[in-house]
Structures are given as structure tokens and as C-alpha cells.
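Below is one structure, written out as C-alpha cells; the observations come after it.
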Amino acid sequence: MRDNSNAAAWAAGDLASPAVVASAARERLSLSEKLGYGCGDLSSNLTWGMTMSYLMYYYTDIYLIPAAAVAWLLLVPRIFDAFCDPLFGYIIDRTSGRHVKSMIGLLAVPFGVISFLCFLPLPLSPDGKVVWAWVSYLAFGAMYSAINTPYGALGNMMTTVPQERVALNSFRMAGCQIGQLIVAALTLPAIAFLGGGADVPHQQRGVATFSLLLAVAGTGLWILTWRSAKIRKPLPITTHGLRELLSSLIRNRLWHICNTLMFLNFLVFCSESALTIHYTRFILHHQATTAGLLLTTATLGSVVGAVVAPMLTKRLGIRRTYGLMLVCELAGLAVMLAAGGDFALFVIAFTLQYICVGVLSPLCYAMLAEAIDDGEAKTGVASTGLAYSVNSLVTKVAVGVTGFIIASLLAWGHYTPGLQVGGPALTFWLKVGFIGVPCTSICLAILTLCLWPNDAPSSSRAGVRSA
């Protein structure tokens, strides 16, 4: 006899129907797929992590470009990206995503080459150095757009199950954090070892050799992503023009919220990463090598956060987990400011804050996937590629804006390469950049999160569908 109670429950949405359960089983991702997908962000962050944590230090202290020039160098190329990212997203949407995998495979080697050139200190005149930095950094931004836009869309095409998406993006963020961990732990020691000395010429040789090794590894990791990914949900074929695609995104309220949260999250992360070396030297009064250890410890915390994110969202839901992490971040920053000369307390607070950053990163991408699906369902316009490309642009603009702010603060503090003791102005502006900018961003993120609908029903359905 048919169980009418179960049929009623399915109709009411309290239980998943057999069809939904079967569909969820088909869309379960294998471990090799998750690991392969995570390799993509691992590859990106072997070089992107370098740009966020060490590019400013490389430009000012190793390649000897004035801080004021670096401020504009880090900001203006993002205007160029405003054209690159949507272009690649538009191509993906117009071709129904059928070239997503092949784009990743074809661009793996060029990505490695360009990322190496970005950290190649050619022996040029002072003006020539600035020109070379502009050219190589512009090329790196364009190549990052070209390979990461299809990579972002690929995650949406691998599964539609919400909890599987959280798990997939946790592997992505774990890859991201491992890449940043490698960069944080090895960059300064590797530059010294490979360069054979601590003076500027030896550091330039060391950074060139180290970036070459990272480029080769990054190329191999992109190839693993290309070979392991399986597309289960091809993007709908769209004949909509660019104006219609943009219109559908403009009307997508959740997508705007996700972009804002992503922008603010990157402001927090980038401002602290870019200033860790300077904050360690002039506020904590430790050697620059200690900053590498700090970044390593913090990145380990981020990896832990990415790993525990699925467990937290399963219990609390995405929105409540996100809000809790923001509050914990504020508490961590307050302790860091109050720590004063207590280095051990500072390290503990710094690490705990980065655990929160690690939790937030996969949540951002899981919310973005939900926002894209919601927009497609409401407007009937499939714009996955363009949505991810603009989101990628948002993260790069955040990096550029942060770089501009931080480099300007250093210039206002009268920072120069080789400076051993900072004055009151430098101390003040370093605290503004390292503590004040993140605090402001987190407060704005809390206000933005209030606009996101309560996700408790969605979370419960996600748990049933992935069961």
C-alpha cells in the first residue's frame, strides 16, 4: 500500500521526493573531483597570494619603486579589468559554457608564464621599472580573469545540491588557503636562500627564481583541475544580448549583496596581509622574518576555518554562521589592538581572526551560487558566466582599492625602503590600515548581511537533498 503520509510530506516540502533524492545522489561529487577543483584555487593563490601579501613589499623594498607610484599602480589596472572580466563572462554565457573546461586547459601554461613575469625584476631605469611593473601587472590581471572566470562558473556546472556546493567551495577555499600558506611560509626564506644574500640584487634574483618555481607548480595544478572536473549541469544556451544579461544581474538583489560581502571580506584580508610585514617591524618590533611566521600561522587558521565551514553551516545555516564569524572578527581585532607589546596574545587573536576569515570564504561562494540560481529562476535569463566574471572583478577591485589605501598610508607615514625605526606618523597610519580599515569593513558587512533573507528553510532543505 502506498504511504500517503509520505506523499503529503513530499508535497508540503518537509521531505525530499524520491526524484529529488535520486537527483542529489547523481550529483554527489567524488573526492577526486573536489580535490581537483581545489587545485585551481591552489594554483591561483600561489601567485595571487604573492600579490596580496608581498607585491607591495616587492615593489617598494626589492624593486625599489616609490610608495606613491605603487599606490596608483595597484589601483588603476583594476579599471582595465572592468572590461576583461565581463568579456570572458559574456563569452561563457553565449557559448552555454561548453568551452569552460577547455579554456582552463588551454590557459594553464600562459597563466604560469604571465605570473612569472609579474615578479621578474628587469634591470631598468627608475621610470622603466614603473613601466614594466604596469605592463606585467596589467597582463597578470587579464590572465587571471581569463582563467578564473571559467573556473568560477565550473563550480556551478558540477552540482546543483546546496550542501555539495558548500563542500566543493570548502575544498576551493582550502586550496586557496594552502596556496597562501605556502607563500606565507616560504616566500621570505626562499628569496634569501635562492638569492644567496640579503642585499637588493640578491633579493631580486631570489624572488625571480622563487616565482618561476611557483609558476611551474601553478601550471601543473591547473592541468589537474582541467582533467578531474565533470560537468553535470551544462549552462542553458542563451541568445540574450549583453544588455539583457546585465539587466538581469542588475535586478538580482541577492547577487548585489554577495558582491558587497565579497568586496568587504577582501578588504579585511588584503589590508592585514599587505601590512603584516610593516606592522610586525614597526609596531610589534620584530624582524621581517617573524611576519612570515605570522602569515603562516594565520593561513593555517584559515585552512581550519574552511574545513569546519560545512559543519557550522549544517548546524547554524549560512546566514547565522556568517554573522557569528563577523562578530568574532571584530572581537579579534579589538584584542589585537589592546595587546600592545604582548606578542603571544597578538598571535592568538590574529590566528583566531583568520579562522573566521577561512569560514567566511566558502560561504561567500556558496551564497553567490544561490544568488545566481535565484536570479535565473526569477528572470529566465541565464547569466552565470557574466555573474561570476563581475564577481571576480569585484574581488580584484577590492585588492586594488586596498593596495591604493595601504600604499597611500605608507606614503603619509613617510615610509622609505630600508627604514629601520618608524616615527609617530608611520605608527598611527599603520594602525589605521591594519586595524581601522578591517574594523570599518566588518561593520559594513554586518549591515549588509542584514539584507540577506533568513536561510533556515534553505539550510534544512539542503541537508535533506544531500542526505
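Per this note's numbering, the sequence shown starts with residue 1, numbered consecutively.
By construction, the Cβ of each residue, glycine as well, lies at the ideal position given by its N, Cα and C atoms.
All of these numbers come straight from a predicted model, not from anything done at the bench.
Rounded to the nearest whole angstrom, the CA to CA distance from G105 to Y354 is 32 Å. A residue is called buried once 16 or more other Cβ atoms fall within 10 Å of its Cβ, and S43 is buried on that count. Straight-line measurement puts the Cα of K34 at about 10 Å from the Cα of R165. When rounded, the separation of the alpha-carbon atoms in G332 and S441 is 14 Å. One Cα belongs to V381, the other to V130, and the distance between them is close to 43 Å. For K101, the uninterrupted alpha helix (DSSP H) run begins and ends at 100–118, by DSSP. DSSP, read as helix, strand or coil, puts T402 in helix.
Under the three-state reduction of DSSP, S125 is assigned to coil, being neither helix nor strand.
Excluding the 5 residues flanking it on each side, P417 has same chain C-beta neighbours closer than 7 Å at T60, D61, L64, in chain order. Judged by DSSP in its simplified three-state form, P189 adopts helix. Take the alpha-carbon of S32 and the one of M157: they are about 16 Å apart. With 16 or more other CB atoms across the displayed protein chains lying within 10 angstroms of its CB, S389 is buried. In this structure T159 is in contact with L29, their Cβ atoms being roughly 6 Å apart against a cut-off of 8 Å. According to the DSSP assignment, R320 belongs to the alpha helix (DSSP H) that extends over 318–339. In chain order, G38, V303, A306, V307 place their CB closer than 7 Å to the CB of A174, counting only its own chain and leaving out the 5 sequence neighbours on each side. Here the segment 320–332 does not lie against the segment 174–194, with fewer than 3 beta-carbon pairs under 8 Å apart. Rounded to whole angstroms, the Cβ separation of W452 and I372 is 15 Å, and the two are not in contact under 8 Å. Within the segment 364–416, there are no complete beta strand (DSSP E) runs of at least 3 residues. Excluding sequence positions up to five before and after L337, its CB lies within less than 8 Å of the CB of K431, I435, all in the same chain and listed in chain order. Three or more Cβ pairs drawn from the segment 207–225 and the segment 107–117 lie within less than 8 Å of each other, which places the two stretches in contact.
If you keep only unbroken alpha helix (DSSP H) runs of at least 4 residues inside the segment 152–216, you get 162–195.
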